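Beneath this line is the structure, given in structure tokens, with notes to follow.
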Ligand code: PLP
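Residue numbers (this note's numbering): 12 to 397.
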């Protein structure tokens, strides 16, 4: 009988690694492999010889990430030293002088900076807001890049509509799936050509490693760009990401259940101006989120009454939630996008991206929901009178 295996079963399946003698992937802590030799195994179609090109521990991770993202054997999977290494390798591999790159304005600030810098190399870069992206795809467009769930406003892009438009105009669609994760959404099943994760976040999940992943079709040039740009993942880091992935589904499901609780509670609090969480009917893209996602993710953003001073004081008063510029780990983290992204985004760009001075972004971890709610309440009590 043909059965479809679930995501957690795939995440814990060790049958597709290079050394089947071990239940967990061995860490091949080596820069080099015997070469030349006719015994060198082929990895991504190339003989295994140098860890900037390939490494068996990294390959084991690439296999498991591929299984999470797609059931299509034709897809290629590459791991990188960071999410930015994945994104830059993809951009360099697919864009040439004269190509047009169309991006959503609601993406990670450094991705936007990278794209804007590519304009210096003859690439035409166009930026549009959220779902306006769909109508902006034309026969001129070479590549479209967006985040499935945007950072930090959590707008969910209508991927089926975007993919249909990209197919019509023959544009390559690359989606950053970091916030949604393969637990909630599989971009390649909905018509995207490439799915990217900053594995630093939910995939690794423990705030202890930086890494990136890319799975997709028509991306075999990426192998060469990864080795030229030098963004290969270290084998020890690959092991940590692989280990994190084994608990990805249970972590994300527990964290998003708590995120929904917090979002509902904050929406009823008079000291909070606005809560942005795609699981709330008040979110501008709730209907799209409901239609395309399995779950609404573990990140929410909210504006507290007042301005930057109040937002920063609120963060300072928190006792359990830590202020730090990341997300997706077991520890709950909070950050202030206006100051964190202010270095790489102009005031105008911040405004277009919907980032006000009092907005904070909360990544919900695995602490008990009641403790997190208590922490938020006690910090709000110190900053704003009800
Ligand atoms: N994509 C998103 C949505 C992000 O939030 C980030 C980093 O915060 C990145 C990509 C870049 O990933 P990394 O920090 O692993 O390079």
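A virtual CB, placed ideally from N, CA and C, is assigned to each residue, including glycine. Quantities reported herein were computed from a predicted structural model and do not represent experimental measurements.
{"Item": "Which residues bound the alpha helix (DSSP H) around residue 75?", "Value": "67–80"}
{"Item": "Less than 6 Å between C-beta atoms, sequence neighbours within five positions excluded: which residues of the same chain meet that for residue 390?", "Value": "325, 328, 329"}
{"Item": "Under a three-way DSSP split, which group does residue 371 fall into?", "Value": "strand"}
{"Item": "Would you tell me roughly how many angstroms separate the C-alpha atoms of residue 36 and residue 72, rounded to the nearest one?", "Value": "9 Å"}
{"Item": "Tell me, to the nearest whole angstrom, how far the beta carbon of residue 273 is from that of residue 375; I am working on the premise that it is less than 8 Å.", "Value": "6 Å"}
{"Item": "With a threshold of 6 Å on Cβ separation, who are the neighbours of residue 372 within its own chain once the five nearest residues in sequence on each side are excluded?", "Value": "163, 312, 346, 348"}
{"Item": "Could you give the DSSP three-state label for residue 400: helix, strand or coil?", "Value": "Here the chain has residues from 12 to 397 only, and residue 400 is not among them."}
{"Item": "Is the region 146–158 close to the region 180–187, with three or more CB pairs under 8 Å?", "Value": "yes"}
{"Item": "Around the C-beta of residue 179, are 16 or more other C-beta atoms found within 10 angstroms, so that it is buried, or is it exposed?", "Value": "exposed"}
{"Item": "Compute every distance between the C-beta of residue 46 and the non-hydrogen atoms of the ligand PLP, then say whether any falls below 7 Å.", "Value": "no"}
{"Item": "According to the Cβ coordinates, are residue 191 and residue 239 closer than 8 Å?", "Value": "no"}
{"Item": "In terms of residue numbering, what span does the beta strand (DSSP E) encompassing residue 226 cover?", "Value": "223–227"}
{"Item": "Any chance you could list the beta strand (DSSP E) runs of at least 3 consecutive residues sitting entirely within the region 207–269, in chain order?", "Value": "223–227"}
{"Item": "Buried or exposed, going by whether 16 or more other CB atoms sit within 10 Å of the CB of residue 92?", "Value": "buried"}
{"Item": "For chain C, check one thing: does any of its Cβ atoms lie closer than 8 Å to the Cβ of residue 164?", "Value": "Protein chain content of the structure displayed is limited to a single chain, and chain C is not contained in it."}
{"Item": "Evaluate residue 261 with the Cβ neighbour count: other Cβ atoms within 10 Å of its Cβ, from every protein chain shown; 16 or more gives buried, anything less gives exposed.", "Value": "exposed"}
{"Item": "Give every residue of the same chain whose Cβ lies closer than 6 Å to the Cβ of residue 66, excluding the five residues on either side of it in the sequence, and list them in chain order.", "Value": "39, 246"}
{"Item": "Measure the CB-CB distance between residue 202 and residue 174 and report whether it falls below 8 Å.", "Value": "yes"}
{"Item": "Using CA coordinates, which residue listed in 144, 384, 293 is at the minimum distance from residue 170?", "Value": "144"}
{"Item": "Below 8 Å between beta carbons: does that hold for residue 322 and residue 315?", "Value": "yes"}
{"Item": "From the DSSP output, in three-state form, read off residue 93 for me.", "Value": "coil"}
{"Item": "Between which residues of its own chain and residue 338 is the CB-CB distance below 7 Å, once the five residues before and five after are set aside?", "Value": "212, 310, 344, 374"}
{"Item": "Count the other C-beta atoms from every protein chain shown that fall within 10 angstroms of the C-beta of residue 42, then say buried if there are 16 or more, exposed otherwise.", "Value": "exposed"}
{"Item": "Relative to the alpha-carbon of residue 172, which residue among 139, 22, 69, 148 has its alpha-carbon at the smallest distance?", "Value": "148"}
{"Item": "Answer with buried or exposed for residue 52, where buried requires no fewer than 16 other C-beta atoms within 10 angstroms of its C-beta.", "Value": "exposed"}
{"Item": "Taking the CB atoms as reference points, tell me whether residue 8 and residue 86 lie closer together than 8 Å.", "Value": "Nothing about residue 8 can be read from this structure; the chain reaches only from 12 to 397."}
{"Item": "Could you tell me if residue 77 is buried or exposed, where buried requires 16 or more neighbouring beta carbons within 10 angstroms of its beta carbon?", "Value": "buried"}
{"Item": "Suppose contacts are defined by Cβ-Cβ distances below 8 Å. Is residue 167 in contact with residue 18 by that definition?", "Value": "no"}
{"Item": "Whole angstroms are fine: how far does the CA of residue 351 sit from the CA of residue 320?", "Value": "14 Å"}
{"Item": "Give me, in chain order, the residues of the same chain whose beta-carbon lies closer than 7 Å to that of residue 130; leave out the 5 immediate sequence neighbours on both sides.", "Value": "136"}
{"Item": "So, residue 90 versus residue 224, is the Cβ gap smaller than 8 Å?", "Value": "yes"}
{"Item": "Verify the contact flag: residue 189, CB atom, against every heavy atom of the ligand PLP, threshold strictly below 7 Å.", "Value": "yes"}
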